[in-house]
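Following: one structure in structure tokens, then a few remarks.
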Amino acid sequence: MQPLSHTHRQPQRSTFKQTFSSLAARVCAVFLSLLFACVARAADCAITLQTDDALRFVPSHIVVPSLCKDFTVTLTHTGHLPPLAMSHNWVLTKKSDLDGVARTGMAAGAAAHHVDQTDKRVIAHTKLIGTGETSSVSFAVSTLTKGETYAFLCTFAGHSPIMRGTLVLADVSR
Ligand SMILES: [Cu+2]
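Below you can see the structure in the form of structure tokens.
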């Protein structure tokens, strides 16, 4: 009886082992995904840029953490001048493409939010907004390359020479 009960116990033990290891794997998976979510949240995959009647973005430099899947930029306009005089947008491009994108954006006109939709150099952009308005845009972080310097600008009438900033992709968590 002893050997029989022994051989009977073996599979039970291995089933227990399997159940335990699969449970441990699940716990690990949950733990890792929570950890990743925490790190991603700490990394802040979004930023709000303020703008007003001065031709500026605050802040004017953005670091996009490489562990973010998507990155969201929200532009808020707290100025007082009427939209015809002082509208803004946020347009992302490579630094080397800034002048070209500024030109096509200007030519596109306000109805097109001052962005030429056929211009492949535009990586992402918000809508053109007036005072009191907000516009957000999300883009895939995979479209950015480490080591590349990106620029963002406002393509509304005459703003681009002054109203601009820089953006980089980095491994830091901000
Ligand atoms: Cu502007």
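If you read the sequence shown in my numbering, its first letter stands for residue 30, the second for the next number, and so on. From the three backbone atoms N, C-alpha and C, an ideal C-beta is built for every residue, glycine too.
Counterpart residues of residue 79 in DSSP-defined beta bridges: Within the sequence shown, residue 79 is the residue found at index 50, counting from 1. According to DSSP, which records beta bridges pairwise, residue 79 is partnered with 87 and 105.
Per DSSP, cross-strand counterpart(s) of residue 182: On the sequence shown, residue 182 is found 153 positions in, with the first residue counted as 1. Answer by DSSP bridge pairing, in chain order: 120 and 193.
Straight-line gap, residue 106 to residue 176 (C-alpha atoms, nearest Å): As a working mapping, residue 106 is identified with position 77 in the sequence shown. As a working mapping, residue 176 is identified with position 147 in the sequence shown. Rounded to whole angstroms, residue 106 to residue 176 spans 31 Å at the Cα level.
Buried or exposed (CB count within 10 angstroms, at least 16 for buried), residue 122: For the purposes of this step, residue 122 is identified with residue 93 of the sequence shown, where counting begins at 1. Residue environment analysis places residue 122 among the buried positions, since at least 16 neighbouring C-beta atoms fall within 10 angstroms of its C-beta.
Length of the line joining the Cα atoms of residue 93 and residue 138: Translated into the one-based positions of the sequence shown, residue 93 becomes position 64. Translated into the one-based positions of the sequence shown, residue 138 becomes position 109. Straight-line measurement puts the Cα of residue 138 at about 29 Å from the Cα of residue 93.
Touch test, the segment 77 to 97 against the segment 182 to 192, Cβ-Cβ under 8 Å, three pairs minimum: Touching, yes.
The segment 168 to 188 in contact with the segment 143 to 157 per 3-pair CB rule at 8 Å: With the cut-off at 8 Å, the segment 168 to 188 and the segment 143 to 157 touch.
Residue 137: first and last residue of the uninterrupted alpha helix (DSSP H) it sits in: Working through the sequence shown from its first residue, we reach residue 137 at position 108. Residue range 127 to 137 is occupied by the alpha helix (DSSP H) that includes residue 137.
Residue 154 CB to nearest heavy atom of ligand 1 below 7 Å: In the sequence shown, residue 154 corresponds to position 125, counting from 1. False, no ligand heavy atom lies under 7 Å from that Cβ.
Nearest candidate by alpha-carbon position, reference residue 149, set 163, 161 and 129: Looking up residue 149 in the sequence shown gives position 120. Distances from the alpha-carbon of residue 149 to those of 163, 161 and 129 put 129 closest.
Any non-hydrogen atom of ligand 1 within 7 Å of residue 84 CB: The count along the sequence shown starts at 1 and reaches residue 84 at position 55. True, at least one ligand heavy atom lies under 7 Å from that Cβ.
Whole-number beta carbon distance between residue 101 and residue 131, since they are thought to touch under 8 Å: In the sequence shown, counting from the first residue as 1, residue 131 sits at position 102. In the sequence shown, counting from the first residue as 1, residue 101 sits at position 72. Actually they do not touch by this definition, with Cβ atoms about 23 Å apart.
DSSP beta-bridge partners of residue 94: Residue numbering aside, residue 94 sits at position 65 when the sequence shown is read from its first letter. Note: residue 94 sits in a beta bridge opposite 199.
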